[in-house]
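Heads up, the thing below is written out as C-alpha cells.
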Amino acid sequence: MPPKPRVPRKGHMGRDDTTVASLTAKRPTKAKKETYKPKAPVVVEPEEIVAPKEEQALVDLFTNAFSPLLTSESLKERIQTVKSHLYNRDYLAAFGELDNLQAYVVRWSPARALCYRWIFMEGACDEISRVFEFGGRRNKKVRNVVSIGAGAGGELVGMIAAVEEINRDQDLKEGTTDEDKSQFCLKAVDIAAWGPICDRLLKTSKETLLSKESVVNVKCEFLQHDVLASDFPADIINQETDLITLLFTTNELYTQSLPKTTAFFGSLREKTSPGCLLLVLESAGSYSTVKLGEDKEYPMGWLLDYTIVGKDEETAAARSNGWKLLKKEDSKWYRIPAGLKYQLELESMRFLLRVYQRV
Ligand SMILES: C[S@@+](CC[C@H](N)C(=O)[O-])C[C@H]1O[C@@H](n2cnc3c(N)ncnc32)[C@H](O)[C@@H]1O
Numbered sequence: 005m006p007p008k009p010r011v012p013r014k015g016h017m018g019r020d021d022t023t024v025a026s027l028t029a030k031r032p033t034k035a036k037k038e039t040y041k042p043k044a045p046v047v048v049e050p051e052e053i054v055a056p057k058e059e060q061a062l063v064d065l066f067t068n069a070f071s072p073l074l075t076s077e078s079l080k081e082r083i084q085t086v087k088s089h090l091y092n093r094d095y096l097a098a099f100g101e102l103d104n105l106q107a108y109v110v111r112w113s114p115a116r117a118l119c120y121r122w123i124f125m126e127g128a129c130d131e132i133s134r135v136f137e138f139g140g141r142r143n144k145k146v147r148n149v150v151s152i153g154a155g156a157g158g159e160l161v162g163m164i165a166a167v168e169e170i171n172r173d174q175d176l177k178e179g180t181t182d183e184d185k186s187q188f189c190l191k192a193v194d195i196a197a198w199g200p201i202c203d204r205l206l207k208t209s210k211e212t213l214l215s216k217e218s219v220v221n222v223k224c225e226f227l228q229h230d231v232l233a234s235d236f237p238a239d240i241i242n243q244e245t246d247l248i249t250l251l252f253t254t255n256e257l258y259t260q261s262l263p264k265t266t267a268f269f270g271s272l273r274e275k276t277s278p279g280c281l282l283l284v285l286e287s288a289g290s291y292s293t294v295k296l297g298e299d300k301e302y303p304m305g306w307l308l309d310y311t312i313v314g315k316d317e318e319t320a321a322a323r324s325n326g327w328k329l330l331k332k333e334d335s336k337w338y339r340i341p342a343g344l345k346y347q348l349e350l351e352s353m354r355f356l357l358r359v360y361q362r363v
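Residue numbers (our numbering): 5 to 363.
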C-alpha cells in the first residue's frame, strides 16, 4: 500500500507542500454554468442644465404674478379656447373676456417677454438697443415708447428687463428720488381690457426685475384704444416718441381693415420727428401674408416696406415717405434657452422683423 500522502497544513504554502498538494488535490469540479443575467444599465444622470439666471427670473415673474391660475384645473381648457379663436383669427373673441386674457398671458407672454428682452438688448440693431441705454447718471434722460397691441405685458416685461440689464453697471447717487432719475415711459395701447393685467405685471416686474439702485425709473400707462378708429387720440404718438412697436399685432390690424391699417402707418410720419424708430415683428409663415380680396395674398414684409418706406423693389421706384429701412429679416429665430423652468410650454419663435427710422 502506498503511504498515505501528507495532507498539507492549512495556510502553509512551502514549496514541498505545494508540490504534494498539487499532486493530491481533487480534480477541479466543472465550473457551474452561470445563467445569463443582463447587467443593469449604468444610468448616467444627465447634468442638469441650469438656465441663465436673468431669463429664469423673467419667467419666475409670471409664476409669481399668476400662481393660483397656473395650477387651476380649468386653465388648459381655457387655453384651448383662446388657441382656437386665434387659429380662426377671431381676435375679438380671443381677447374678449378676462378669463381668456389671463389664459393668454400665462401661456404666451413669458416666451414673448424673453424674445422681446433679447430683441431690445441685441437681437434687432444698435439703434433699438440704444433706446434702453441711459448713459451716465449726470444726464437725466427721458425715453418715450408707444407699444401698440401690448396689453398682454410681453413688451413691458421685456423692456424692464432690458433697461435693468443694460444699465446695471451705473451707480446711483445717494438720495436720488424716482423723479430725479432718468425716465423710461411706456404707453401700452390695446383695444382689449388688459389694464388690470398690465398693472399686475408692472408691479411684479418693478419688485423683482428692476433693482432699487437702478438709475432709471420705469413708468407704464395702459391705454385702451382701437388704433384704427377715427377717435384714436392724436397725441398718444407724438414728436417726443422715440420708439413705436407693433409686436405680433400687425396681422390683427390688417385682418380688421387693410385700408385703415395702411392709413395708420401713413399717419405716423406726421406725428413723429426724425430719429423715431418703428419696430415690427410678426409670426413668419401664414401670419406673414395679408389677404387682399378673395384670391390675392401679399407678403406682409413687402406690404410694410411699400407702405412705410414707399419703395417698390420690382420697379425700384422710391417715394419719399419720410422713413428709411434700417433692418429687414423675413425669417428670424428666437430660441428659448435650455433649462428654463415654467409650468407651461415655452416655445421658440420664428418671425419677420423690420426696423424703420424716421428721416
Ligand atoms: C396677438 S396679440 C399680441 C400681444 C402682444 N403684443 C404679444 O406679443 O404677446 C395682439 C394684440 O393686439 C391687440 N389689438 C388688436 N387689434 C387692435 C386694435 N385695432 N387696436 C389696438 N390693439 C389691437 C389685441 O387686443 C392683442 O392684445
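All C-beta atoms, glycine included, are put in the ideal place defined by N, C-alpha and C.
Only a predicted model underlies this, so the values are computations on that prediction, with no experimental measurement involved.
Straight-line Cα distance separating residue j from residue i
i	j	result
His89	Lys223	32 Å
Ile201	Tyr360	30 Å
Leu74	Asn325	46 Å
Lys191	Glu49	48 Å
Lys328	Glu244	19 Å
Asp184	Arg362	30 Å
Lys300	Thr293	10 Å
Glu256	Leu96	10 Å
Ala197	Val167	26 Å
Cys189	Lys295	35 Å
Leu330	Gln106	35 Å
Leu356	Gly305	7 Å
Gly3	Leu281	Outside the modelled stretch of the chain, which goes from 5 to 363, sits residue 3, for which no answer is possible.
Ile241	Gln84	35 Å
Arg339	Glu351	8 Å
Glu52	Val146	42 Å
Arg366	Lys43	Examination of residue 366 is not possible in this model, given that the chain is present from 5 through 363 alone.
Ala69	Glu77	18 Å
Asp103	Arg82	8 Å
Ile164	Cys119	13 Å
Leu308	Pro237	23 Å
Asp173	Met125	15 Å
Proximity test, residue i beta-carbon vs ligand 1 heavy atom, cut-off 7 Å
i	result
Asp64	no
His229	yes
Ala197	no
Tyr95	yes
Arg354	no
Phe99	yes
Val47	no
Val193	yes
Phe124	no
Phe252	yes
Leu232	yes
Leu190	no
Gln187	no
Ile152	yes
Gly270	no
Ala156	yes
Glu256	yes
Glu159	yes
Glu106	Looking at the sequence itself, residue 106 is Gln, so the reference to Glu does not match. Result no, Cβ not under 7 Å from ligand 1.
Ser113	yes
Arg121	no
Arg116	yes
Gln260	yes
Residue i in three-state terms, based on DSSP
i	result
Phe226	strand
Cys365	No statement about residue 365 is possible, as the shown extent of the chain runs from 5 to 363 and does not include it.
Asn255	helix
Asp60	Checking the displayed sequence, the identity of residue 60 turns out to be Gln instead of Asp. In the structure shown, Gln60 sits in a helix (DSSP, three-state: H, G or I).
Lys144	coil
Lys87	helix
Val167	helix
Asp173	coil
Arg93	coil
Asp239	coil
Trp112	helix
Phe70	coil
Glu52	coil
Gly270	helix
Phe138	coil
Gly343	coil
Ser26	Per-residue confidence for Ser26 stands at a pLDDT of 43, beneath the threshold of 50, marking its modelled position as unreliable; no derived number is given.
Opposing strand residues paired with residue i [DSSP bridges]
i	result
Lys300	Leu296
Ser151	Ala192 and Thr249
Trp337	Arg354
Glu286	Leu356
Lys207	DSSP lists no partner for Lys207.
Leu281	Leu247 and Gln361
Leu329	Tyr360
Val220	Ser186
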